[in-house]
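**Student:** Residue numbers (our numbering), protein chains in the order written: chain A, 7 to 214; chain B, 120 to 346.
This is the structure I want to talk about, given as structure tokens.
This is the structure:
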């Protein structure tokens, strides 16, 4: 990893509590952080934003609604502003999830999340290989840490996907310009996870 | 393809726990388990470990929601609570998701030779119930992982064994960790019987097993491991 000065990032928690693992990860990368982004900052601030969730689809949606950032995040992502979503925050890109019937996602993607089948233990807990498509530029093929029971079985058009296999292929990560979504947890994925966040931030530096 | 997980365990009361945890991560630990998150010093060690580690952390908690919250706030990604704590398991799963909740299925060998669920090590009590039923009930309540351990008739820790591991694995729909393994041969037995992960105290600094050697040997046997 190069040592170009990292841009400051804003943090948004799609969760009842902050992720100390993500904060530690960013600290390791030397990234200054501004926690608890407001709706206005989420909507309009060009500073890179990381939104993190590790609960259910419903708790992630509720956390964003409670902080008033739900609609702002949808607008931000649709505008292509630099955004990195992790775990259940990434799942909210979908319209809905089998996990939380009746709960609306951001609807960025015309996709619903489905529970893994019964042939393997669910949830998936542990290290799986994420394999990027040729168009995906930020992630190298590497092991990543997953803890999910629900996933996207297909990728949307115009997004570059990385794939993993668990009872069939599922989307491990998506990239579209400055927007990245990760089903796995880069902050818990050792060196490759750090590298992914680093690459995204460096891309933002070049873009600026 | 998902790899098996090889998991060391450390005590948070140790002065050198952060250093040991970092070393184990460097050697290839797929996640780390911590015991004894009770005092301010132990929670401080957990926070320091979180800052130093970029792999998942599971913490064994006292079975109270306030303790679960404190452990998660201090850096745990998942908590481990007893399998019979049904309402607590439901609460954790609802608030933090099933992936945040592992349950401990402690078993002991009864005089008859059958394995029964063990609820209280210190007093030697048990709930007199088939461990499989407790495991299934915990999963129904929202547990995302079952951690199976075993004790012999004298109360000494032993490996769960292939038969019990296979029975529990077949009875549940979530990942199974075979815990408290003491020797490398027990890892192969547990994984062959259906465990998705193995936990051992013997992987620590003074333990009998070397993490890189275990992983290399498993890979040579065709088991998927993270390098």
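For each residue, glycine too, the CB sits at the ideal point set by N, CA and C.
Residue 62(A) CB to nearest chain B CB: under 7 Å?
**Tutor:** So, interface residue.
**Student:** Along chain A, in chain order, which residues have C-beta atoms closer than 8 Å to that of residue 122(B)?
**Tutor:** In chain order: 132, 133, 134 and 149.
**Student:** Quick one: list the residues of chain A neighbouring residue 170(B), beta-carbon separation under 8 Å, in chain order.
**Tutor:** Those within 8 Å of residue 170(B) in chain A are 26, 30 and 33.
**Student:** I'd like to check one pair, residue 290(B) with residue 327(B): are the Cβ atoms closer than 7 Å?
**Tutor:** Cβ atoms of residue 327(B) and residue 290(B): not closer than 7 Å.
**Student:** Suppose contacts are defined by Cβ-Cβ distances below 7 Å. Is residue 271(B) in contact with residue 217(B) by that definition?
**Tutor:** Not closer than 7 Å, so no.
**Student:** Starting from residue 127(A), find everything on chain B with Cβ-Cβ shorter than 8 Å and list it in chain order.
**Tutor:** Those are 291, 292, 293, 294, 295 and 315, listed as they occur along chain B.
**Student:** Classify residue 326(B) as helix, strand or coil using the three-state DSSP reduction.
**Tutor:** Three-state DSSP puts residue 326(B) in coil, outside helix and strand.
**Student:** For residue 290(B), report the span of its alpha helix (DSSP H) as first-last.
**Tutor:** Per DSSP, residue 290(B) belongs to the alpha helix (DSSP H) from 281-290.
**Student:** Let me see if you follow: with CB-CB separation under 7 Å, is residue 153(A) close to chain B or not?
**Tutor:** Closer than 7 Å: yes.
**Student:** Determine contact between the stretch 189-206 of chain A and the stretch 122-139 of chain B, defined as no fewer than three beta-carbon pairs at a distance below 8 Å.
**Tutor:** Touching, no, given that fewer than three Cβ pairs across the two stretches are closer than 8 Å.
**Student:** Find the residues of chain A that neighbour residue 218(B), judging by a C-beta separation of less than 8 Å, and give them in chain order.
**Tutor:** Per Cβ cutoff of 8 Å: 60, 129, 131, 153, 154 and 155.
**Student:** Between which two residues does the beta strand (DSSP E) holding residue 84(B) run?
**Tutor:** For chain B, the structure presents residues 120 to 346; residue 84(B) sits outside this window and is missing.
**Student:** Indicate the three-state DSSP secondary structure (helix, strand or coil) for residue 57(A) in the structure shown.
**Tutor:** Three-state DSSP puts residue 57(A) in a strand.
**Student:** What does residue 132(B) pair with, by DSSP beta-bridge criteria?
**Tutor:** Paired residue(s): none; residue 132(B) is not in a bridge.
**Student:** Less than 7 Å separating the beta-carbons of residue 268(B) and residue 298(B)?
**Tutor:** Yes; because the gap between Cβ atoms is below 7 Å, this pair is in contact.
**Student:** Indicate whether residue 161(A) and residue 177(A) have their beta-carbon atoms separated by less than 7 Å.
**Tutor:** Contact: yes.
**Student:** Straight-line CA distance for residue 85(A) to residue 165(A)?
**Tutor:** C-alpha separation (whole angstroms): 14 Å.
**Student:** In the DSSP assignment, find the unbroken beta strand (DSSP E) run with residue 170(A) in it and report its ends.
**Tutor:** 166-171 is the span of the beta strand (DSSP E), which, as asked, contains residue 170(A).
**Student:** Check whether chain A comes within 7 Å of residue 358(B), counting only Cβ atoms and requiring the distance to be less than that.
**Tutor:** The requested residue 358(B) does not occur in the structure, where chain B is confined to residues 120 to 346.
**Student:** Here's the rule: buried if 16 or more other CB atoms are within 10 angstroms of the residue's CB, otherwise exposed. What is residue 58(A)?
**Tutor:** So residue 58(A) ends up on the buried side.
**Student:** If you reduce the DSSP assignment to three classes, tell me which class residue 198(A) lands in.
**Tutor:** Helix.
**Student:** Of all Cβ atoms in chain A, is any one closer than 7 Å to the Cβ of residue 163(B)?
**Tutor:** Cβ-Cβ to chain A under 7 Å: no for residue 163(B).
**Student:** Answer yes or no: does any C-beta atom of chain B fall closer than 7 Å to that of residue 104(A)?
**Tutor:** Not closer than 7 Å to any Cβ of chain B, the Cβ of residue 104(A) fails to qualify, so no.
**Student:** Just verifying my parser: in three-state terms, what is the DSSP assignment at residue 226(B)?
**Tutor:** Strand, per DSSP.
**Student:** For residue 169(B), which residues in the same chain have their Cβ closer than 6 Å to its Cβ, ignoring the five residues on either side in sequence?
**Tutor:** Excluding positions up to five away in sequence, the list reads 194.
**Student:** Per DSSP, what are the beta-bridge partners of residue 184(B) in this structure?
**Tutor:** According to DSSP, residue 184(B) bridges with nothing at all.
**Student:** Please identify, using Cβ separations under 8 Å, the residues of the stretch 79-112 of chain A that lie next to chain B, in order along the chain.
**Tutor:** So the list reads 94, given in the order they occur along the chain.
**Student:** Alpha carbon to alpha carbon, how far is residue 347(B) from residue 303(B)?
**Tutor:** Outside the shown range of chain B, which is 120 to 346, sits residue 347(B), and nothing can be said about it.
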